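Quick notes on the structure that follows.
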Ligand SMILES: *Cc1c(COP(=O)(O)O)cnc(C)c1O
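In our numbering, the protein residues as written are 217 to 621.
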């Protein structure tokens, strides 16, 4: 196969596909596949259809090649949570606007972000953090301060409700004090990751309304955070347009000035379709497959929160056996390296077979380690479609087929 390297040093060849990579190369280590066209499509969707500003939550997948694709597709603002993320985005995208949206920051990190990297937007959920920001920026008068409200995660697969956010009834003083030092005052929240219904945002916006009314402050920014879903087996959400409509309607009815801005911080929804991996089955024991990536690789969520990712067998000729449920063991010598699934695959699967595990662009590659000497950095660009998509009508059907298995 003809091989090239693109500007980022990644291997690329015209017409590359998951099947082609697995069957032509028979790779010994896992291979990460990336799909720039899928990330660009997701970014354009948010840029064009979200009724406000979409900033990318960098923690979902911090790879510079992805940051560049999002930038090229119109995403100009980036939600960062650590000084290293600030530096990474600044280095990769010198023109980008960075917003430091972690409500508990090191004072030194705030100072460096502000004075060395031009970061002017910060989130907070306590008076202590407000004081910290004021000290670290030496009473700066050009800050956008976003007060993080605690909202319910009941509609989401992954809760973000206990750690951060000011509780109902306690936001009044913080909003009032932040208003006094902020150039622009914002309210933000996070409904939890993979929110399965737009109602999650409607409920949270009701909390925003109560907080504004109680504090009687002028609010310049309403930031609905992340939580926008992607599609996985057994977790097929309604179309994103419905989320956008719900948010738009709620935003329009808030008691805020008509010049107020609406922001969102999508992570998962922008990058889930960006990457997948090819793994090899090294052993089969009944309904358990021993594969060469796992909990310490790109499959942390599959192991620790029983997330189900779409899987497919890459074999020539195709198997005609009926699908059955499998669980996976990863390659390390650790019982925890186990992924319950169920992962539906043809019943005749055997050692030496290759699998594609899809939708790993969000919180997959970001969590990889080299524990026990396993894992691999090999990354290849492919041009075939992701295993499921929220952004292509035809792929919605593919996604629902995945779900029905
Ligand atoms: C993790 C996180 C996000 C992204 O969440 P997704 O569910 O991936 O969209 C956005 N904002 C904040 C503050 C976060 O912590």
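Where a beta carbon is used, it is the ideal one built from N, C-alpha and C, also for glycine. Everything numeric in this text was worked out from a predicted model, so none of it was measured.
- Short of 7 Å from the beta carbon of residue 393, and not among the five residues preceding or following it, lie these beta carbons of its own chain, in chain order: 343, 346.
- The shortest C-alpha to C-alpha distance from residue 491 to any of 267, 523, 510, 579 is the one to 579.
- Distance check between residue 572 and each of 599, 557, 364, 525 places 525 closest, using alpha-carbon atoms only.
- Going by beta carbons, residue 607 and residue 494 fall outside the 8 Å limit.
- Setting aside the 5 residues that flank it on each side, residue 257 is surrounded in the same chain by 607, each with a C-beta closer than 7 Å to its C-beta; the list follows chain order.
- Secondary structure at residue 439: strand, using DSSP grouped into helix, strand and coil.
- Taken atom to atom, the span from the alpha-carbon of residue 237 to that of residue 315 is near 38 Å.
- Fully enclosed beta strand (DSSP E) runs of no fewer than 3 residues occupy 504 to 507, 527 to 530, 539 to 545, 554 to 562 of the stretch 501 to 564, in order along the chain.
- Counting other Cβ atoms within 10 Å of its Cβ, residue 434 stays below 16 and is therefore classed as exposed.
- Residue 339: member of the beta strand (DSSP E) spanning 337 to 340, first to last residue.
- Here the stretch 385 to 401 lies against the stretch 350 to 360, with 3 or more beta-carbon pairs under 8 Å apart.
- Taking the Cβ of residue 395 as the reference point, every heavy atom of ligand 1 lies at 7 Å or farther away.
- With contacts defined by Cβ atoms closer than 8 Å, residue 312 and residue 337 do not form a contacting pair.
- If you draw a straight line from the Cα of residue 242 to the Cα of residue 404, it is about 47 Å long.
- Scanning its chain for C-beta atoms nearer than 8 Å, with the 5 sequence neighbours on each side dropped, one finds around residue 552 the residues 511, 519, in chain order.
- Note that the C-beta distance between residue 265 and residue 457 is below 8 Å.
- Of the heavy atoms belonging to ligand 1, at least one sits nearer than 7 Å to the Cβ of residue 406.
- Less than 8 Å divides the Cβ of residue 437 from the Cβ of residue 479.
- Beyond the five residues adjoining it in sequence on each side, residue 348 comes within less than 6 Å, by CB distance, of 323 in the same chain, given in chain order.
- Taking a cut-off of 8 Å for Cβ pairs, the stretch 538 to 548 and the stretch 482 to 490 do not touch, as fewer than three such pairs fall below it.
- Residue 355 is classed as exposed because its beta carbon has fewer than 16 other beta carbons within 10 Å across all chains shown.
- DSSP assignment within the stretch 408 to 477 yields the following whole alpha helix (DSSP H) runs of 4 residues or more, N-terminal first: 415 to 431, 456 to 468.
- A residue is called buried once 16 or more other Cβ atoms fall within 10 Å of its Cβ, and residue 538, having fewer, is exposed.
- The beta-carbon separation of residue 234 and residue 530, rounded to 6 Å, stays under the 8 Å limit for a contact.
- Annotation for residue 327: the continuous alpha helix (DSSP H) segment containing it runs 323 to 333.
- Just so you know, the alpha carbons of residue 339 and residue 249 end up roughly 34 Å apart.
- With a threshold of 7 Å, the Cβ atom of residue 482 counts as near ligand 1, since some heavy atom of the ligand is closer than that.
- Here residue 335 has 314, 316, 329 as same chain residues with Cβ atoms under 6 Å from its own Cβ, once five neighbours each way along the sequence are excluded.
- Its chain contains 319, 341, 364 as the residues whose beta carbon lies nearer than 6 Å to that of residue 380, once the 5 sequence neighbours on both sides are disregarded; these appear in chain order.
- For residue 317, the shortest C-beta to heavy atom distance toward ligand 1 is below 7 Å.
- With a 10 Å radius around the Cβ and a threshold of 16 neighbouring Cβ atoms, residue 429 comes out exposed.
- Bridge partners of residue 296 according to DSSP: 316.
- With a threshold of 7 Å, the Cβ atom of residue 369 does not count as near ligand 1, since no heavy atom of the ligand is closer than that.
- In its chain, beyond the 5 residues on either side, 491, 492, 493, 514, 525 have a beta carbon closer than 7 Å to the beta carbon of residue 576.
- A Cβ-Cβ separation of about 7 Å places residue 592 in contact with residue 247 under the 8 Å criterion.
- Rounded to whole angstroms, residue 300 and residue 536 show a C-alpha spacing of 49 Å.
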